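Residue numbers (my numbering), protein chains in the order written: chain P, 194 to 525; chain S, -1 to 318.
Working notes, beginning with the structure itself.
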């Protein structure tokens, strides 16, 4: 156990110093990225071109979407391993209906989203009604979804999607790519839901201390259940967006983004020290994608991706640890 | 009345998975001619070896009340090291020692992060998982290296007496793990820490030391499993650990639903690993569609764990 520093033990002056110190440790990750952007731009000016920034943001928005779903569940002190497969499953069903059965786009998308949300609900029921550990319950769901996916599609890739559908992933309004716009809306909604509503405060209370929230008479079960439903909904949305962006749907659609989304959601829990998780998640995925993009531009190649991912995660949790240690009590 | 009821429930939650496993074995034996043959049964055990050993490592960490995902990276990293060192002409012994050393070092890193810095083992071990996977990719350049060394390959293909070597290794390590955990004082300390770390500390157990040892031992087991998996594959395949990641988790958690409901234990983990592989083997022999395999595995996982956890009565949280 690290020696706890008593806040206020040496007068208010030292608190200010510590507060500054804690602040600067915590936000040094932003300084690091500022420097990184500056150096890459200096060496390769193309990095800061509008085209590349859009590339980074579109990629990041696809990751962030999945990550938002995970962030809800993580905030409730649970984890959803099946999220990538929920994304793939919902998207595959929507694309199957659109491409093979000629459903109208809104109906096909709505059914896909409905199915994904239902899987989220089932996950939530496993965890809150059967008291299963969320890691195992969603692992089981994940295995079953893999089976279902192959059963429905026989591992085929679905192409020939209607233009109105692919427009969602490739089109732009006022020259801004649509995924970015959708992501901005999703961020606003998730952020407000998490920070400004009673539900958001409740879920963070549960994630922080389930015993205290049980004693305070909150209906824990339904709050966690709802987090899983939201997670399923956002996961499916991201899968559909991804399929629209690629112009095709295949069985490992969601898995491609799963690890990055997990990383982004975990970064979200630590960047602002457990607060503003949605903003943290957004920053996390933009950092991650731009780091990979920048290193690729510098010629580091794809073999460094996991190394970068691991170092970023490790760096962020260590920064969180140090800023908490400098001034315990300032951050949750 | 209520007492018989509760003991019946206890019985079902402790032995339900075993029962399902036996039912599956009997079903496959009747439905196919080839399942219940010595060769096939040996095959199932050999296929479960790396999975089982790796799951032992995870089980050890779970008993101590933490979690460790780093095996997803360690297995691949160790495989790449082993294959390329053998190719460069190092002796099998030194190559294996280096692999174990790397596994132990990753475990030490986990221990440093979780015990030293008091970080969540979930986050820390995922970071180590990524780092090891990155190291594997950078080291191997994504090239598959095949193993030619006969002495090493005989470790997985050879026999000790009439019994295939992997079976001896697996059952031997099961006995060692089980013995150390249940029959020695240190092993009981591990369980005590997992149950209630505060109480364990107050009882005078050196929790930091025990927990660090657990992570290092787990790292060694992961590395050993990685060597065996590489030898079984005949070479280092990229991201071999990532492919095992979910199966190892599934085996360990099936184990928590076996023998001791809700608690990780080594014999249960082995049953879990056998069960997953048996389903794969049996469905393949039956000529069933391949997608039914993950479907059945998922169903079994959910059903077993649900039965063993429904009596818990409160929601279990993951520590972040």
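Quick reminder that beta carbons are idealized off the backbone N, C-alpha and C, glycines included.
This one's a predicted model, so the numbers in the text were calculated from it and none came from an experiment.
So which residues on chain P does residue i lean against when the C-beta distance must stay under 8 Å?
| i | result |
| --- | --- |
| residue 236/S | Neighbours of residue 236/S on chain P: none; closest Cβ ~10 Å, over 8 Å. |
| residue 78/S | What residue 78/S touches in chain P: nothing, since even the nearest Cβ is about 12 Å away. |
| residue 155/S | Near residue 155/S there are no residues of chain P at all, since even the closest Cβ is about 30 Å away, more than 8 Å. |
| residue 299/S | 329, 332, 333 and 336 |
| residue 251/S | 326, 328, 329 and 332 |
Of all the CB atoms in chain S, is at least one closer than 8 Å to the CB of residue i?
| i | result |
| --- | --- |
| residue 397/P | no |
| residue 336/P | yes |
| residue 497/P | yes |
| residue 392/P | no |
| residue 319/P | yes |
| residue 236/P | no |
| residue 247/P | no |
| residue 213/P | no |
| residue 271/P | yes |
| residue 310/P | no |
| residue 289/P | no |
| residue 488/P | no |
Just to check my reading of the structure: residue i and residue j have Cβ atoms closer than 8 Å, yes? What is that Cβ distance to the nearest angstrom?
| i | j | result |
| --- | --- | --- |
| residue 344/P | residue 441/P | Not a contact, Cβ separation roughly 20 Å. |
| residue 417/P | residue 301/P | Not confirmed; about 30 Å, so no contact. |
| residue 249/S | residue 270/S | 4 Å |
| residue 277/S | residue 54/S | Contact flag wrong, Cβ pair sits at about 20 Å. |
| residue 212/S | residue 188/S | 6 Å |
| residue 66/S | residue 108/S | 6 Å |
| residue 74/S | residue 237/S | 5 Å |
Please say whether residue j and residue i have beta carbons closer to each other than 8 Å?
| i | j | result |
| --- | --- | --- |
| residue 97/S | residue 175/S | no |
| residue 50/S | residue 168/S | yes |
| residue 68/S | residue 317/S | no |
| residue 451/P | residue 276/P | yes |
| residue 190/S | residue 203/S | yes |
| residue 127/S | residue 77/S | no |
| residue 342/S | residue 84/S | Since the first and last residues shown for chain S are -1 and 318, residue 342/S lies out of range. |
| residue 284/P | residue 458/P | no |
| residue 349/S | residue 12/S | Outside the displayed range of chain S (-1 to 318) lies residue 349/S, so it cannot be described from this structure. |
| residue 537/P | residue 426/P | Here chain P comprises residues numbered 194 to 525, so residue 537/P is not present and cannot be evaluated. |
| residue 321/P | residue 414/P | yes |
| residue 206/S | residue 59/S | no |
| residue 314/S | residue 412/P | no |
| residue 479/P | residue 222/P | no |
| residue 133/S | residue 510/P | no |
| residue 191/P | residue 474/P | The structure shown has nothing for residue 191/P, since chain P only spans 194 to 525. |
| residue 446/P | residue 281/P | yes |
| residue 372/P | residue 255/P | yes |
| residue 260/S | residue 143/S | no |
| residue 454/P | residue 259/P | yes |
| residue 240/P | residue 498/P | no |
| residue 421/P | residue 313/P | yes |
Considering only the alpha carbon of each residue, which of the options lies closest to residue i?
| i | options | result |
| --- | --- | --- |
| residue 506/P | 238/P, 482/P, 444/P and 400/P | 482/P |
| residue 254/S | 16/S, 5/S and 6/S | 16/S |
| residue 461/P | 240/P, 242/P, 238/P and 264/P | 264/P |
| residue 269/P | 419/P, 314/P and 383/P | 419/P |
| residue 166/S | 20/S, 43/S, 52/S and 300/S | 43/S |
| residue 357/P | 433/P, 254/P and 266/P | 433/P |
| residue 294/S | 192/S, 312/S and 273/S | 273/S |
| residue 346/P | 443/P, 261/P and 428/P | 443/P |
Just the chain S side, please: which residues come within less than 8 Å of residue i by C-beta, in chain order?
| i | result |
| --- | --- |
| residue 506/P | 121, 124, 125 and 128 |
Verify the CB distance criterion: does residue i have a CB-CB separation below 8 Å to chain P?
| i | result |
| --- | --- |
| residue 315/S | yes |
| residue 162/S | no |
| residue 307/S | yes |
| residue 304/S | yes |
| residue 265/S | no |
| residue 90/S | no |
| residue 295/S | yes |
| residue 140/S | yes |
| residue 10/S | no |
| residue 14/S | no |
| residue 226/S | no |
| residue 45/S | no |
| residue 26/S | no |
Give the interface partners of residue i over in chain P, defined as CB-CB distance under 7 Å, in chain order.
| i | result |
| --- | --- |
| residue 289/S | 340, 343 and 344 |
| residue 312/S | 324 |
Just to make sure I have the definition right: I need the residues of chain S whose C-beta is within less than 9 Å of the C-beta of residue i. Which are they?
| i | result |
| --- | --- |
| residue 502/P | 125, 128, 129, 131 and 132 |
| residue 351/P | The contacting residues do not exist; residue 351/P stays about 16 Å from chain S at best. |
| residue 276/P | The contacting residues do not exist; residue 276/P stays about 13 Å from chain S at best. |
Under 9 Å Cβ-Cβ, which residues of chain P neighbour residue i?
| i | result |
| --- | --- |
| residue 135/S | 495, 496, 497, 498, 499 and 500 |
How about residue i: is its Cβ closer than 7 Å to a heavy atom in the ligand SAH?
| i | result |
| --- | --- |
| residue 440/P | Ligands in the displayed structure: none, and consequently the ligand SAH is not present. |
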